[in-house]
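> For the sequence shown, the UniProt record's numbering puts the final residue at 338, and the numbers step up evenly by one.
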Amino acid sequence: MPTSSAPLRVVAIGGGTGLSTLLRGLRRHVAFPDWPTSVPCHISDLAAVVTVTDDGGSSGRLRQDFNMLPPGDLRNCMVALSAEEDLLAKLFAYRFKGGKGLGGHNFGNLFVAALTDITGDFAHAIKLASKILATRGRIYPATTSNATLVARMDDGSLVRGETNITASKQRIAELMIDPPNAAAMPETLDAIERADLITIGPGSLYTSIITNLLVQGVPQALAHAKGVRVYVCNLMTQANESLNLTAAEHIERIYEHTRAPIFDYAILNTAPFSPETLARYAAEHAAPIEVDVDRIEKLGVRCITGDFASEENVVRHAANRVTGALLALGHSIPPNRA
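1. Counting along the chain, where does the alpha helix (DSSP H) carrying P186 start and finish?
2. Which term fits P202, buried or exposed, when burial requires 16 or more other beta carbons within 10 angstroms of its beta carbon?
3. Mapping the DSSP letters down to three states, classify P33 as helix, strand or coil.
4. Rounded to a whole number of angstroms, what is the C-alpha to C-alpha distance between T163 and S208?
5. Which term fits T188, buried or exposed, when burial requires 16 or more other beta carbons within 10 angstroms of its beta carbon?
6. Using a Cβ-Cβ cutoff of less than 6 Å, which residues in the same chain neighbour L133 once the five nearest sequence positions on both sides are dropped?
7. For I13, count neighbouring C-beta atoms within 10 Å of its own C-beta (all shown protein chains included) and say buried if the count is 16 or more, exposed if not.
8. Does DSSP put A151 in a helix, in a strand, or in coil?
9. Which residue comes first and which comes last in the alpha helix (DSSP H) that contains M236?
10. Could you tell me the distance, in whole angstroms, from the CA atom of R295 to the CA atom of A247?
11. What is the DSSP secondary structure of S59, counted as helix, strand or coil?
12. Among G330, V291, P71 and A286, whose alpha-carbon lies nearest the alpha-carbon of V314?
13. At the level of alpha carbons, what is the spacing between I262 and V228?
14. Quick check: the Cα distance between L245 and C233, rounded to an integer number of angstroms?
15. Count the other CB atoms, across all protein chains shown, that sit within 10 Å of the CB of T51; report buried if there are 16 or more and exposed otherwise.
16. To the nearest angstrom, report how far apart P219 and A48 are at their CA atoms.
Written out as structure tokens, the structure reads:
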């Protein structure tokens, strides 16, 4: 484990807008060739492990047409780790608004699809695209298996496919992955083993977080990791994934799937939201997640509470404040897991 001044090796696990928001905060602390010598480097190595079970939108269409993994979440992470205001980053984020066959497709997704077809290797295509974007970090798909999510709902029914699961009116009782032996990349497991700091979340409880933890090798690697393991809790509940669940219940649902404790700390927002924001989210059957500190600490997870939210058109984590808390934890001494 490094001293308090040594740069950290960081692994961030998740998907959706939550992970890309967090990566925008972390990337500002990653060393790069022109890093000014007067500015301390806090992160020597950054790896993002990203969910690949999306089957909707542009990613879903490409997955169906080309039998490839969905590139959308990985592309968002590449853009998040690229130079700010960079033209290539804007290009990769561009979505076609019209055109026969092109409408709704994202340029970055099409670019990754072309590279996958040329190389015959999705993971290598992501690596090449990341190089073109000069990302300050490595990006790994959670698995290179063409995996599909399957959910057992609270009425006993089975729902197949991420889009169908999120659209269901039933509550998720258990999430599974098909094939069940979908394995992690060796590079992912190596990064987790060597990491000083591992973050999981924020993101949709089941389809952005738990989906990664179903991949063979990942929960075991996290359970035995030497680095500080931090859960970045969502700000709001989601009607179709976490309605009425407290922060502790989020962790309990995760542990039900990992079958082992994998967190040392949880970062939790306790700052209030404006009445306007609360009303807007209530209309979508969402509300701030209740932070039940005592119940979380009974799970063996220490709580870091504070103002970690940013209120704009949508509520997002304040990337800089979350990053500051994470780096402070990463520079601390990890608990003894002998």
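Just so it is clear, CB atoms sit at the ideal spot from N, CA and C, and this is done for glycine as well.
The answer reads as follows:
1. P186 to R194
2. buried
3. coil
4. 12 Å
5. buried
6. M78, S82 and L88
7. buried
8. strand
9. Careful: M236 lies outside any alpha helix (DSSP H) and carries neither H nor E.
10. 9 Å
11. helix
12. A286
13. 10 Å
14. 12 Å
15. buried
16. 16 Å
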